[in-house]
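Participant: Could you have a look at this structure, given as structure tokens, before my questions?
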Amino acid sequence: MTTHDPHRLDPHRPDPHRPVPPRPRAPRPSPARRPVPTRLAVLALVAVGVLASAAAAAPSLLALVPGAAATTSASLLGTLEVLEGSDDARLRETHIDPFDDTHPAIAGLHPDLRAAVQAVARDAHDRGVDLWVTSGLRTAAMQQDLLDDAVRKHGSLAEARRFVATPEGSSHVTGDAVDIGPTDGADWVVRHGAEYGLCQTYANEMWHFELATEPGGECPEQLPDAG
Ligand SMILES: [Zn+2]
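Numbering-wise (UniProt numbering), the sequence shown opens with residue 1 and increments by one.
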């Protein structure tokens with residue numbers, strides 16, 4: 001039988017001479033990220049709802065203060081831009097881990113495309129070729145920016161359209177296209193992508209892939225360019 005000094009040996013009793021260690025913080029559950037368009041749509045609906053209810057509740061108040069209504073919508077739109085901005089900045093990144101399902105550029109891809117890109121990235125890696133996504137999902141605004149940049153660079157909309165699609169025509173905006181880098185990685189997908197259904201769809205963009213055939217099928221003839 002052992003002697004038990006409850007004041008010294010009780011493991012539950014804090015030793016008054018020992019500093020109390022900081023309590024470990026419970027890990028914060030990370031909420032599942034929704035694809036960007038859904039989140040933006042929700043934000044837009046919320047903003048519209050707030051604007052509508054504000055206008056309905058206090059039309060006379062707004063009328064008393066010149067410019068009040070405009071100020072309200074401007075600040076709400078500013079908030080929207082900030083909220084959108086955080087994802088927007090991530091969407092514009094050019095070195096994106098294809099396995100990062102929480103990244104908006106990857107999360108927003110069509111699930112079949114995302115699975116194909118991850119499968120090809122895994123197999124390429126197993127054969128010593130590393131690849132990443134240089135552009136996945138884009139917002140329409142982002143696509144328009146790219147087109148505007150291309151117009152400045154190439155001098156005309158017609159010429160720019162050969163390299164950059166319009167927001168309405170871009171398969172990146174619908175989550176149906178990925179750009180792959182670096183050149184070695186893109187080249188690997190050019191040669192092996194069809195096994196996964198991935199095809200280079202434009203002859204002048206050896207980095208741009210879409211699901212355009214059945215896995216193991218034959219890719220359709222490439223279009224000359226995005227125009
Ligand atoms: Zn592309």
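Note that the Cβ used here is the ideal one computed from N, Cα and C, for glycine as well.
Just so we're clear, the structure is a prediction, and the values are computed from it rather than from any experiment.
Can you name the residues that DSSP bridges to Ser135?
Facilitator: DSSP output for Ser135 lists Asp179 as bridge partner(s).
Participant: Using beta-carbon positions only, say whether Ile96 and Thr134 come within less than 9 angstroms of one another.
Facilitator: Going by C-beta atoms, Ile96 is nearer than 9 angstroms to Thr134.
Participant: Taking Tyr196 and Pro182 to be in contact with their CB atoms under 8 angstroms, please state how far apart those CB atoms are, rounded to whole angstroms.
Facilitator: Rounded, the Cβ-Cβ distance is 19 angstroms, inconsistent with contact.
Participant: Please give the ranges of any beta strand (DSSP E) in the stretch 152-210, keeping only runs that are unbroken, at least 3 residues long and fully inside the region.
Facilitator: Taking only runs of at least 3 residues, the beta strand (DSSP E) segments lying wholly in the stretch 152-210 are 178-181 and 198-200.
Participant: Could you spell out the range, first to last residue, of the alpha helix (DSSP H) harbouring Ile106?
Facilitator: Here the alpha helix (DSSP H) through Ile106 covers Pro104 to Ala107.
Participant: Buried or exposed for Arg127, please, with buried defined as at least 16 other CB atoms from any protein chain shown within 10 angstroms of its CB.
Facilitator: That one is exposed.
Participant: How would you label Asp112, buried or exposed, when you count the other beta carbons within 10 angstroms and need 16 or more for buried?
Facilitator: So Asp112 counts as exposed.
Participant: Who does Ala223 pair with in a DSSP beta bridge?
Facilitator: Reading the sequence as shown, one finds Leu at residue 223 and not Ala. Per DSSP, Tyr202.
Participant: For the alpha helix (DSSP H) that Asp112 lies in, which residues bound it at each end?
Facilitator: From DSSP, the alpha helix (DSSP H) with Asp112 extends over Pro111 to Asp126.
Participant: So does His172 have its beta carbon nearer than 8 angstroms to some heavy atom of ligand 1?
Facilitator: True, at least one ligand heavy atom lies under 8 angstroms from that Cβ.
Participant: Asp184 to Gly155, Cα distance in whole Å?
Facilitator: Answer to the nearest angstrom: the Cα atoms are 31 angstroms apart.
Participant: At a cut of 8 angstroms, does the stretch 118-127 reach the stretch 141-148 through at least three beta carbon pairs?
Facilitator: No, they do not touch.
Participant: Check each candidate in Arg152, Asp187 and Asp225 and name the one with the smallest Cα separation from Trp132.
Facilitator: Minimum Cα distance to Trp132 is reached at Asp187.
Participant: Roughly how many angstroms separate the alpha carbons of Val151 and Ala141, rounded to a whole number?
Facilitator: In a straight line, the C-alpha of Val151 is about 15 angstroms away from that of Ala141.
Participant: In angstroms, rounded to a whole number, what distance separates the CA positions of Pro220 and Cys199?
Facilitator: Spanning the two alpha carbons is a distance of roughly 8 angstroms.
Participant: To the nearest angstrom, how far is it from the Cα of Tyr202 to the Cα of Leu137?
Facilitator: So the two alpha carbons sit approximately 18 angstroms from each other.
Participant: Given a cut-off of 9 angstroms on the beta-carbon distance, is the pair Asp176 and Trp207 in contact?
Facilitator: No.
Participant: Under 7 angstroms Cβ to Cβ from Arg114, same chain only, skipping five residues before and after it: list those, please.
Facilitator: Cβ neighbours of Arg114 beyond the five flanking positions: Ile106.
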